[in-house]
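If you read the sequence shown in the UniProt record's numbering, its first letter stands for residue 1, the second for the next number, and so on.
Notes follow the structure.
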Amino acid sequence: MLAWLMSCHVLAEDGAASTGLQPGDLDRLEAEAGEISRLHALVVAEDGDIIFERAFGGPGLDQPANIKSLSKTVLAALVGAAIEQGIVADVEQSIRELLGPRVPEGVDPRVSDITVGHLLSQQAGLERTSGQNYGAWVASPNWVEDALHRPFVDLPGGQMLYSTGSSHLLSAALTEASGESTLDLARRLLGEPLDITIPAWPRDPQGIYFGGNDMQLSPRALVQIGELYRNDGTSNGARILPEGWVETSWEPRGISRWTNDGYGYGWFITTLAGEQAYYGRGFGGQALYVIPGRKLTIVITADPMPPSPGGHFQHRLNRMVDTLLSGETGDE
């Protein structure tokens, strides 16, 4: 009987192993990643354990890297942590209420209808500050006022209008509501419980830390952000994000006009190799993937400097992850 039980245990372990990533899968991943000259680092964690990590260039694996607009995903986690701590009431709270005196005179009355959730899902309705409007926005003397004075091109809660200004309003709201800088709040609510280092990053002319761009995190630190979501907002048994936050964040509320992927609260939603996949992304090839069905968290960092490789580059990264999951050789 003992021998039979032991054999069943071995078979169970072998069966479990066969459903996970195999050495050949990781070899193909490394070979494909090595063909992408822009890549700096690639890390794969399976069920919380890092099983693959390579530095191809740049700062490396444990040094801060500019994650560009992947910052929006991290900022969304910080908003969730602030809600868990009672700093922000919920996603239905008005951004005007949170910003208080930072709201300038003469803004459109519809600003009062913009909620925290609208900003997280990029559905504020205000004209975008990204794309061709980005340069003028960051050159303005007050980024919060400039973003709020933009004309409405849709109603709050309407179409997805990807805008870094929307994320920056969240950073300003966190600063005003907490009485702490976004940096201090991030270190306290995310850095300490996840045991990750969060260095300072750029601020606007009023000293508000840039919401939605230019955060500095190492690839290994980003793994912990992904794992926080994979584990339903908990870390080492402690709840960091509100119960149900991850499910809510991964519910598509809009569609990206560039990838046709869904977008929730700081996360894009897609399907890779038949698996539901969630990812954040940043200019130049910064990416954080979570594939819950395979217990995987994948981090990619790359050269963030122009010229941009174009929108097709995100598709290439998606194909690389798809190839890893499917165990098949990619076409590039």
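The beta-carbon is built from N, C-alpha and C at its ideal position, and this holds for glycine as well.
Owing to the predicted nature of the structure, the values given are computational and were not obtained by experimental measurement.
Residue i lies in the beta strand (DSSP E); which residues open and close that run?
i              : result
tyrosine 209   : Taken as a continuous stretch (DSSP letters only), tyrosine 209 belongs to no beta strand (DSSP E), as it is neither H nor E.
tyrosine 289   : 286-291
isoleucine 269 : 268-272
glycine 282    : 275-282
Please tell me whether residue i has its Cβ less than 8 Å away from any Cβ of chain C.
i           : result
glycine 233 : Going by chain labels, chain C is absent from the structure shown, which holds only one protein chain.
When the distance is taken between beta carbons, is residue j closer than 8 Å to residue i?
i                 : j              : result
glutamate 53      : arginine 102   : no
aspartate 154     : glycine 179    : no
arginine 239      : glutamate 84   : yes
methionine 215    : isoleucine 67  : yes
isoleucine 208    : valine 144     : yes
glutamine 132     : methionine 160 : no
isoleucine 87     : leucine 169    : no
leucine 174       : alanine 77     : no
glycine 58        : alanine 41     : yes
glycine 264       : tryptophan 245 : no
alanine 65        : leucine 217    : yes
isoleucine 300    : glutamine 286  : yes
threonine 271     : glutamine 314  : no
alanine 45        : leucine 39     : no
threonine 129     : glycine 266    : no
leucine 148       : valine 111     : yes
glycine 280       : alanine 302    : no
serine 171        : threonine 182  : yes
lysine 295        : aspartate 47   : yes
glycine 80        : proline 242    : yes
glycine 226       : leucine 288    : yes
glycine 165       : tryptophan 137 : yes
serine 163        : glycine 254    : no
phenylalanine 210 : proline 199    : no
proline 156       : isoleucine 196 : no
glutamate 275     : isoleucine 298 : no
Using 10 angstroms around the beta-carbon of residue i, count the other beta-carbons present and answer buried if the total reaches 16, otherwise exposed.
i              : result
aspartate 322  : buried
residue 334    : Here the chain comprises residues numbered 1 to 332, so residue 334 is not present and cannot be evaluated.
proline 141    : exposed
glutamine 206  : exposed
aspartate 261  : buried
asparagine 236 : exposed
glutamine 22   : exposed
aspartate 146  : buried
glycine 233    : buried
aspartate 204  : buried
histidine 312  : exposed
proline 151    : exposed
proline 219    : buried
glycine 293    : exposed
glycine 212    : buried
alanine 277    : buried
serine 308     : exposed
valine 139     : The displayed chain sequence assigns alanine, not valine, to residue 139. The residue in question, alanine 139, is exposed, as its Cβ has fewer than 16 Cβ neighbours within 10 Å.
glycine 282    : buried
Just to confirm the assignment, what range does the alpha helix (DSSP H) spanning residue i have?
i              : result
isoleucine 225 : 219-230
valine 43      : Premise fails: valine 43 lies in the beta strand (DSSP E), 39-46, not in any alpha helix (DSSP H).
isoleucine 299 : At residue 299 the sequence reads valine, which differs from the isoleucine that was named. Not the alpha helix (DSSP H): valine 299 falls in the beta strand (DSSP E), residues 296-302.
histidine 168  : 164-178
tyrosine 134   : 134-138
glutamate 30   : 23-34
arginine 316   : 312-326
serine 308     : No alpha helix (DSSP H) holds serine 308; DSSP gives it neither H nor E.
leucine 148    : 143-148
threonine 248  : 245-249
Check the DSSP bridge columns for residue i and list the partner residues they point to.
i             : result
serine 181    : None, per the DSSP bridge assignment.
glutamine 216 : Asn66
tyrosine 265  : Note: tyrosine 265 sits in no beta bridge, so no partner.
serine 235    : Ala238
arginine 203  : Tyr209
glycine 254   : Tyr263
Legend entry - Those runs of the beta strand (DSSP E) which lie wholly inside the segment 49-131 and span at least 3 residues: 49-55
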